[in-house]
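A.B. asks:
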Amino acid sequence: MRRFAGIAAVLFLLLLPLAACGGAEEETLSDCGGRMKETLHRTERAVTYEDYEELVRRTPGIRVRAVKAVPVTALKRPDGSMEESRVAIAVAPYSEEERKQPSPAYLANILQMLEPRRMIGVKVQILPSEYIGISVFVEVTADSYYERVRREIGRVLARYFEKQGWDFGRSVRHSEIYGLLDTLPGVTAVRTVTLDAKGKGVKRNRNGDLLLPASGLAYLRDWECMISSAE
89 MRRFAGIAAV LFLLLLPLAA CGGAEEETLS DCGGRMKETL HRTERAVTYE DYEELVRRTP
149 GIRVRAVKAV PVTALKRPDG SMEESRVAIA VAPYSEEERK QPSPAYLANI LQMLEPRRMI
209 GVKVQILPSE YIGISVFVEV TADSYYERVR REIGRVLARY FEKQGWDFGR SVRHSEIYGL
269 LDTLPGVTAV RTVTLDAKGK GVKRNRNGDL LLPASGLAYL RDWECMISSA E
């Protein structure tokens, strides 16, 4: 027995260092300081609009395509008054499906994230996306290569709406589209740019811009183009 006990003790001493193999290097003072700064700067309370947006993006179990905390000034009542204790958040989920609305479970996850972090007395409201289909009609003159000019117009319009399409409440500006078309190769003049919209809460100003609601997202529904000779 003593012999076997001695052998076991020797094996234990030989194998003991193996139990401590691997693992991470000892944390340096610099690493510790960096981790502390990250923790201190990490948002855990919702105070500003930016805090709410960051917390929504960090909500576990969901993917966010776009989010915006809507100022109370953009959600006035019919009589002009505002509910200053309310924070409204527009959100669009990330999905391969076009213009997807958040599911009840998706919204519940966000509210569960925000509830313990909001200020006392603040009411949080989630606004589903309001997708606004925009129709564009343009009339231009070109020196030649009409089909190439037509393709370029379609490409520019698609890129414009793709770029601005995930910015909640962003107006569709007549002057921006006019300027993009006016600089296209082959286009000698832009005669007409007409914008129309299908959706709720859209307004038009005197410049021809389309003003979207706070939770509105614009997309290019269709477009038409008339090209005539510059001669």
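What the sequence shown shows, in our numbering, is residues 89 to 319, in sequence order. No residue lacks a Cβ here, since even glycine has one placed at the ideal position from N, Cα and C.
1. Does the segment 201-212 come close enough to the segment 220-240 that 3 or more CB-CB pairs lie under 8 Å?
2. Within 10 angstroms of the Cβ of residue 304, are there 16 or more other Cβ atoms? Answer buried if so, exposed if not.
3. When DSSP labels each residue in this structure, what does residue 215 get in the three-state scheme?
4. Does residue 128 come out as helix, strand or coil in the three-state DSSP assignment?
5. Rank 259, 275 and 183 by C-alpha distance to the C-alpha of residue 307 and give the top, closest one.
6. Please check the pair residue 290 and residue 220, which I expect to be a contact at CB under 8 Å, by giving their CB distance rounded to whole angstroms.
7. Give the secondary structure of residue 297 by DSSP, where H, G and I count as helix, E and B as strand, and everything else as coil.
8. Which residues in the same chain as residue 144 place their Cβ atom closer than 8 Å to its Cβ, once the five residues preceding and following it in sequence are excluded?
9. Return yes when the Cβ of residue 265 is within less than 7 Å of the Cβ of residue 281, no when it is not.
10. Measure the C-alpha to C-alpha separation of residue 165 and residue 172 and round it to an integer number of angstroms.
11. Compute the Euclidean distance between the alpha carbons of residue 127 and residue 160, then round it to the nearest angstrom.
12. Give the DSSP bridge partners of residue 181, in chain order.
13. Is residue 205 closer than 7 Å to residue 134 when the C-beta atoms are compared?
14. Going by C-alpha distance, which of 242, 288, 283 and 216 is nearest residue 297?
15. Which residues does DSSP list as the beta-bridge partners of residue 311?
16. Should residue 301 be labelled buried (16 or more other beta-carbon atoms within 10 Å of its own) or exposed?
17. Hey, could you find the ends of the beta strand (DSSP E) residue 277 is sitting in?
18. How is residue 121 classed by DSSP in three states: helix, strand or coil?
19. Cutting at 7 Å between CB atoms, please list the residues of its own chain near residue 270, excluding the five before and the five after it.
20. Between the Cα of residue 232 and the Cα atoms of 148, 136, 315 and 132, which residue gives the shortest distance?
21. So, under 8 Å CB-CB, residue 287 and residue 218 are touching, yes? Tell me the CB distance rounded to an integer number of Å.
22. Is it buried or exposed, residue 72, if we count other Cβ atoms within 10 angstroms and call 16 or more buried?
C.D. replies: With the given structure in hand:
1. no
2. buried
3. strand
4. Its pLDDT being 41, under 50, residue 128 is placed unreliably by the model, and nothing is read from it.
5. 259
6. 6 Å
7. coil
8. 152, 155, 177, 179, 198, 201 and 202
9. yes
10. 11 Å
11. Residue placement at residue 127 is poorly supported in this model, since its pLDDT is 43, which falls under 50; the coordinates still yield a value, given next. Spanning the two alpha carbons is a distance of roughly 30 Å.
12. 152
13. yes
14. 283
15. 224
16. buried
17. 275-286
18. With a pLDDT of only 46 at residue 121, under the threshold of 50, the placement of this residue in the model should not be trusted; the figure read from the coordinates follows. Three-state result, residue 121: helix.
19. 278
20. 315
21. 6 Å
22. Since the first residue shown for the chain is 89 and the last is 319, residue 72 is missing from the structure and cannot be characterised.
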